[in-house]
Amino acid sequence: METVAAVDDRRKVHLAGIISSLVILPRSAAPAVEAELDDGTGTIALVWLGRDRIPGIEPGARLEVTGFAARRGGRRVMYNPRYEITRISGQEDS
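In terms of our numbering, the sequence shown opens at residue 77 and continues consecutively.
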């Protein structure tokens, strides 16, 4: 598993971190869910196009994601990544 700080553009990566923020674009725009994944080394925007919500994707949730990294406006982004929710916000670690 890589770190966000080590992500190169246009390369498939596998990352894990915590959702630090979530934006759902208004209904007047094309539907999309955008979340910031923070792994402690940096953040990457995760964007799911064509969705207006994703159950379990919320601030504080821990995810593992796989997809192709890119840059948009100088920041790291991953479109429509495959994801696994490994801990839901407020859930205790066992």
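Just so you know, even glycine gets a beta-carbon here, dropped at the ideal spot from N, CA and C.
Between residue i and the rest of its own chain, which residues show a CB-CB distance below 6 Å, the 5 nearest in sequence each way excluded?
i    : result
V109 : I100, W124, R127, I130
G116 : none
R163 : R138
Excluding the 5 residues preceding and the 5 following residue i in the sequence, name in chain order all residues of the same chain whose CB lies nearer than 8 Å to its CB.
i    : result
I161 : G132, I133, A137, R138, L139
P102 : none
R87  : F144, A145
I need the straight-line Cα distance from residue i to residue j, nearest angstrom please.
i    : j    : result
V119 : G143 : What sits at residue 119 in the sequence shown is Thr, not Val. Looking at the two C-alpha atoms, the distance is approximately 15 Å.
R147 : D85  : 7 Å
G150 : V83  : 13 Å
Y22  : A106 : Here the chain comprises residues numbered 77 to 170, so residue 22 is not present and cannot be evaluated.
A145 : H90  : 10 Å
R152 : S104 : 26 Å
L113 : P157 : 12 Å
Here's a check: name, in chain order, each residue in its chain whose Cβ is nearer than 7 Å to the Cβ of residue i, leaving out the five neighbours to either side.
i   : result
T79 : D115, T117
A81 : T117, G118
Answer yes or no: do residue i and residue j have a C-beta to C-beta separation smaller than 9 Å?
i   : j    : result
M77 : L122 : no
**Request:** Report yes or no: do three or more beta-carbon pairs, one from the segment 88 to 100 and one from the segment 122 to 141, lie closer than 8 Å?
**Result:** yes
**Item:** Segments of 3+ residues assigned as beta strand (DSSP E) that fall wholly inside the segment 124 to 152
**Value:** Entirely contained in the segment 124 to 152, the beta strand (DSSP E) runs reaching 3 residues are, in chain order, 138 to 148.
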